[in-house]
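J.:
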């Protein structure tokens, strides 16, 4: 199952210069939803000239389906074809990603409704994370 963005299939160009994104996964049969965030890269290490160097490498975002155990169970039982994956927002920084996920969950009142798979949210947000949001 592919990611959708702004009503179309996501392309590699959409992810250029982005740190991560906020997404919505929807169970087509029940219309139950899950809001989450995913970083496009993760920390890794590479040996260069005999020294361990910290690098960024691609994350598993292309095949990712969220961290909710209940959601993952439903995907296994019903199959990926019964779910849609939509990118709501791209984010330029980790702080921006964390803030936007929290804001989306709160705005949708996802923790207050059985219509969402979300069962918890955590975050430490500083005003500095919100500077220069694009």
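Residue numbers (the numbering used here): 20 to 153. Even for Gly, the Cβ is constructed at its ideal location relative to N, Cα and C. Only a predicted model underlies this, so the values are computations on that prediction, with no experimental measurement involved.
For residue 24, collect the residues of the same chain with a Cβ closer than 6 Å to its Cβ; drop the 5 residues on either side in sequence, then sort them by chain order.
T.: Within the chain shown, the letter at position 5 stands for residue 24. So the qualifying residues of the chain are 33, 106.
J.: Counting pairs of Cβ atoms below 8 Å between the segment 130-139 and the segment 63-79, do you hit three or more?
T.: no
J.: I need the boundaries of the alpha helix (DSSP H) containing residue 124, first residue and last residue.
T.: Counting from 1 along the chain shown, the entry for residue 124 is found at position 105. 113-126 is the extent of the alpha helix (DSSP H) around residue 124.
J.: Give the straight-line distance between the Cα atoms of residue 93 and residue 141, rounded to the nearest whole angstrom.
T.: Working through the chain shown from its first residue, we reach residue 93 at position 74. Working through the chain shown from its first residue, we reach residue 141 at position 122. If you take the alpha carbons of residue 93 and residue 141, they lie about 24 Å apart.
J.: Taking 7 Å as the threshold (C-beta atoms), are residue 65 and residue 78 in contact?
T.: Within the chain shown, numbered from 1, the residue matching residue 78 stands at position 59. Within the chain shown, numbered from 1, the residue matching residue 65 stands at position 46. No, they are not a contact pair.
J.: Under the rule that 16 or more other beta-carbon atoms within 10 Å means buried, what is residue 129, buried or exposed?
T.: Position 110 of the chain shown, counted from the start, is the residue given in the question as residue 129. Looking at its Cβ environment, which holds 16 or more other Cβ atoms inside 10 Å, residue 129 is buried.
J.: Among the residues of its own chain, which have a CB less than 8 Å from the CB of residue 138, if the five just before and after it don't count?
T.: The residue you call residue 138 lines up with position 119 of the chain shown. Taken in chain order, the residues that qualify are 87, 89, 130.
J.: Among 63, 54, 26, 36, which has the Cα closest to the Cα of residue 126?
T.: Position 107 of the chain shown holds residue 126. That would be 54, whose Cα lies nearest to the Cα of residue 126.
J.: Helix, strand or coil: how does DSSP classify residue 30 here?
T.: As a first step, residue 30 must be located in the chain shown, where it is residue number 11. Here residue 30 sits in coil by DSSP.
J.: Cα separation between residue 101 and residue 47?
T.: Within the chain shown, numbered from 1, the residue matching residue 101 stands at position 82. Within the chain shown, numbered from 1, the residue matching residue 47 stands at position 28. Rounded to whole angstroms, residue 101 to residue 47 spans 5 Å at the Cα level.
J.: Any idea what DSSP makes of residue 107, helix, strand or coil?
T.: As a position in the chain shown, residue 107 is number 88, starting the count at 1. Three-state DSSP puts residue 107 in a strand.
J.: Can you give the Cα-Cα distance for residue 36 and residue 112, rounded to whole angstroms?
T.: In the chain shown, the residue the question calls residue 36 occupies position 17. In the chain shown, the residue the question calls residue 112 occupies position 93. Looking at the two C-alpha atoms, the distance is approximately 10 Å.
J.: Terminal residues of the continuous alpha helix (DSSP H) containing residue 97?
T.: Translated into the one-based positions of the chain shown, residue 97 becomes position 78. Start and end: 88-97.
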